[in-house]
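Okay, structure first, notes after.
Here it is in structure tokens:
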């Protein structure tokens, strides 16, 4: 979505975080089951995305990036400090596993693997459709030339908000899976670094098609395994990994700014 | 007697000349401008450099706001354009060709032509997910329409037809401008605003473009309002000619009358 | 000094050259006016000479040196003064700071000397306006300042891109009086890009008409073409 | 009590202002969203730590050496990372993303070398100056004096020197600078050098008080950016007011609520400004197109 609409949002982790926290609270505090919690997570993130979208999408360029960045930090501060609800920096432990249809408990690596694979498959399918559809075309058009889009009668504010909201709700779903799988969440998973990390994964892979972000994600996930394979101790590996991400980003911007598999150059 | 499709009444537009936001001076670019464009005609707007021709078009498209005055668009009903946001003016049936190449370089040629369509999704992106069949159908219809339009305008063997699935960025400058023109045939426009349709195009193609514009009026029932610097082109193409000078229309009539006028010639050349 | 354009083709992007096969020689002390329609490529010629836009074939030779590989600041340093379209100044600098910036390699003494010399042409250089931020100057004065800034470097050759555009008729005449005086006293080679055909003919010995990026006509102005003939070229 | 908080806020604000000025020197003239600026701020105190705490050189000498190193790094960033991208006519977004990449590298290199834990330069409790019931520590006093000197020095320089005139000219119109034979690429190097110096001084001053960890760069950078936006992009005196404004505001938040809510306040202000007054307090309205 970043690539399609050329909206470089540094706030993705905020939506991811809201999704995760709503899930945690729905499952734990409210004791809801699978579908109601997913829906609740999506709906609340969606509402938040619409508000954020209305505010920030009127801005352009650096201002938009700054606005999303500001929202990211505000959300983090709230998660970190609204102790009554979020338990602040201690996080929410013991999130119960969600129950599918009331009785099948989704628990353990296998079933989560299934759920997240299913979600990923649905996401990929969904995005693939969207990109190939007239809506995807409109987003590309918006990216290329917004003035022409207006002259062709397109409501570009609406388009931007739609794309922003859709991508945010996927962040919410990821938040849901993460929270219910790990069964413990704390605010540090949803800070600015996380947002920058998400953005780097996307940009390394490339944007404008579905292949790019997937390759980016694979790169980001495979790299730590590779480093472990090489035999780096864990204490160094974490930093080493980030150094490699950073360098990759610099090198890719220099020589292939459309990313490894993407279409669009920034 | 044809009725007027567009009436511009007492239009004023001034800019502050303090380029840097320091409003020390303002000057009136358009002052008390009145134009009526008769339906189903080709009208040309001429005038020297920086006399406000493109500014007027941008006001008509809604990209700039006039200071005062009214613009009436008469279609099935009369609309005062001042109240209408830019993108909705297109819905009323007003198309626009920009002076420079406003084309979508990362889309294919075909996509560039059918992007104007708004019926497929009706503004709902999820149509594409849940209503695949209908979307596919209407895309097919659009593709066919695009192909037919090109074939009709340029003949069945035109090279654009073999380039439909190429990226628009791979086209030559002239071809990109043609795409902009063809796109105007894809929607049911009543009025099209063409800002220098021949600019940057190989002069050998001028006659051809002139024919296309005439076709817009004769076959598609559009009304054409164009800005042009090439006077030969104006003579050949337009029915009416408006000479913009000092913020208002100083002379209007048939191209031969306006262009033959010594006052116009002198002013245009800055005597 | 002599400026030569040999067979220049150039523009923003390779497949979109705006000017094609331009051949033009301006002799020392000669003035050539470039006229043509909006978008014909007049300003592009100036920008290509100054290294602000690329060209894909041909050569620019100034004073016997090939300028092809040089960047803008080197070209300017070799003695070409460039008046940018619109009379750009630095709006947040004071008038005097604008002049300092324009002659930024000059020593203070030399700069003062130059300002003194120029005040012969530009009366406002005597006044208190020098402390005012240039953005607050009136349009006419700002224009003159822009011209003074070009001249403070004491260029041997001038490229003027519409030096009178957007000025009222009175100011336009004033600007041309200054330019004519300069031309006579300093024997500068000049390329003048001008919309206003009459001014162009009055000012220059030779006229070049550009049409769709190519030189359509190149004629002496003293064989006094009538306005009618020129307008035939245009229309 | 309130006065004490305000004084603390003012001193913090002065440092924000100085760091913001460092960022503004680059941003106003080149429009590059130079996020790698954050690591310059962060690395400086680590260098002081190495020279002073580890190698045992005097504090002042170590600080000067650190500032020189940071200036070099800043110039190298322009030379090695930004300049080739500009030559390629890459968009400002691409340059910004490279800058993000660089920042990630910088943070983690420092974390690898020095570890993630907080390092402090001196653990001694600082002597204080009391004026009535207001207490200022020597460290705070140093912070105030040095940042005030740096800011006012720069302002004078900006107003009266040829370098200052060139800097302001770059802010106004880079093309025109070219037309008057300014060697823009070369001049940019000196801007980066100066900007790096401000970042380094800011980083060292703050670390005197609270020490350092590899992640201090980003929060300070964000404060600086907010200071710049509030003051108004394009104005060199703007970050000064913006910085002090934020400093005071944050101290009020600490006074009324707790330090935890500082960021919420800062960034809410940012968003309010972005919505209602994007040109900042002193900025001029930017024309579209």
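Residue numbers (the working numbering), protein chains in the order written: chain D, 41 to 306; chain U, 44 to 314; chain E, 68 to 302; chain Y, 893 to 1181.
Glycine included, every Cβ here is placed at the ideal spot set by N, Cα and C.
{"Asked": "Within chain U, the residues that residue 271 of chain E reaches when beta carbons sit closer than 7 Å", "Found": "Chain U residues near residue 271 of chain E: none, gap ~15 Å exceeds 7 Å."}
{"Asked": "Span of the alpha helix (DSSP H) around residue 294 of chain U", "Found": "It is not in any alpha helix (DSSP H) - residue 294 of chain U instead sits in the beta strand (DSSP E) that spans 291-296."}
{"Asked": "Same chain, Cβ closer than 6 Å to residue 229 of chain U, five either side skipped, listed in chain order", "Found": "156, 159"}
{"Asked": "Nearest-angstrom Cβ-Cβ length linking residue 148 of chain E and residue 111 of chain E, presumed shorter than 8 Å", "Found": "In fact, because the Cβ distance is near 19 Å, the residues do not count as touching under 8 Å."}
{"Asked": "Nearest-angstrom Cβ-Cβ length linking residue 1094 of chain Y and residue 907 of chain Y, presumed shorter than 8 Å", "Found": "5 Å"}
{"Asked": "is_contact[residue 285 of chain D, chain Y] using C-beta, thresh 8 Å", "Found": "yes"}
{"Asked": "Contained alpha helix (DSSP H) runs [length at least 4] in the region 145-201 of chain E, N- to C-terminal order", "Found": "162-169, 175-185"}
{"Asked": "Reduced DSSP secondary structure (H/G/I, E/B, other) of residue 1121 of chain Y", "Found": "helix"}
{"Asked": "Beta-carbon gap between residue 302 of chain U and residue 284 of chain U smaller than 8 Å", "Found": "yes"}
{"Asked": "Identified DSSP bridge partners for residue 81 of chain U", "Found": "U:47"}
{"Asked": "Burial state of residue 1154 of chain Y, where buried means 16 or more other Cβ atoms lie within 10 Å", "Found": "buried"}
{"Asked": "Distance between residue 169 of chain E and residue 216 of chain E (C-alpha atoms, nearest Å)", "Found": "5 Å"}
{"Asked": "Per-residue contacts from residue 147 of chain U into chain D (C-beta, under 8 Å)", "Found": "180, 181, 184, 185, 188"}
{"Asked": "Residues that DSSP places opposite residue 1014 of chain Y in a beta bridge", "Found": "Looking at the DSSP assignment, residue 1014 of chain Y forms no beta bridge with any residue, so it has no partner."}
{"Asked": "Close-in-space but distant-in-sequence residues of the same chain around residue 46 of chain U (CB under 8 Å, 5 per side omitted)", "Found": "81, 82, 117"}
{"Asked": "Identified DSSP bridge partners for residue 284 of chain U", "Found": "U:87, U:296"}
{"Asked": "Min CB distance residue 268 of chain D to chain Y below 8 Å", "Found": "no"}
{"Asked": "Positions along the region 118-152 of chain E whose CB lies within less than 7 Å of some CB in chain Y", "Found": "139, 140, 143, 144, 149, 151"}
{"Asked": "DSSP-derived helix/strand/coil call for residue 303 of chain E", "Found": "The displayed coordinates of chain E run from 68 to 302. Any statement about residue 303 of chain E would go beyond what the structure contains."}
{"Asked": "Coil, strand or helix - residue 117 of chain U by DSSP", "Found": "strand"}
{"Asked": "Outcome for residue 251 of chain E when other beta-carbon atoms lying within 10 angstroms are tallied against a minimum of 16", "Found": "exposed"}
{"Asked": "Residues within the region 154-166 of chain E neighbouring chain Y, beta-carbon criterion of under 7 Å", "Found": "155, 157, 158, 159, 160, 164"}
{"Asked": "Host alpha helix (DSSP H) of residue 304 of chain E (start-end)", "Found": "The shown model of chain E, from 68 to 302, leaves out residue 304 of chain E, and the question about it has no answer."}
{"Asked": "Option in Y:1082, Y:983, Y:970 with minimal Cα separation from residue 994 of chain Y", "Found": "Y:970"}
{"Asked": "Start and end residues, alpha helix (DSSP H) containing residue 183 of chain D", "Found": "174-184"}
{"Asked": "Inter-residue spacing [alpha-carbon to alpha-carbon] between residue 74 of chain D and residue 151 of chain D", "Found": "13 Å"}
{"Asked": "Local conformation of residue 79 of chain E per DSSP, three classes", "Found": "coil"}
{"Asked": "Limits of the beta strand (DSSP E) - the one that residue 273 of chain E falls within", "Found": "273-278"}
{"Asked": "Short Cβ contact (8 Å threshold) for residue 56 of chain D with residue 225 of chain D", "Found": "no"}
{"Asked": "For residue 261 of chain E, the three-state DSSP class (helix, strand or coil)", "Found": "coil"}
{"Asked": "Contact list for the region 1060-1091 of chain Y against chain E, Cβ threshold 8 Å", "Found": "1060, 1061, 1063, 1064, 1065, 1067, 1068, 1069, 1070, 1071, 1072, 1073, 1074, 1075, 1076"}
{"Asked": "Cβ separation of residue 307 of chain U and residue 87 of chain U, assumed to be a contact under 8 Å, to the nearest whole Å", "Found": "Not confirmed; about 12 Å, so no contact."}
{"Asked": "Within-8 Å CB hit, residue 172 of chain E to chain Y", "Found": "yes"}
{"Asked": "In chain order, each alpha helix (DSSP H) run of at least 4 residues that lies wholly inside the region 973-1010 of chain Y", "Found": "975-979, 984-1006"}
{"Asked": "Segment contact flag, the region 1086-1106 of chain Y with the region 224-243 of chain E, C-beta cutoff 8 Å, min 3 pairs", "Found": "no"}
{"Asked": "Chain-order list of residues whose beta-carbon lies under 8 Å from that of residue 1138 of chain Y (same chain, five-residue window excluded)", "Found": "905, 908, 1115, 1118, 1119, 1122, 1158, 1161"}
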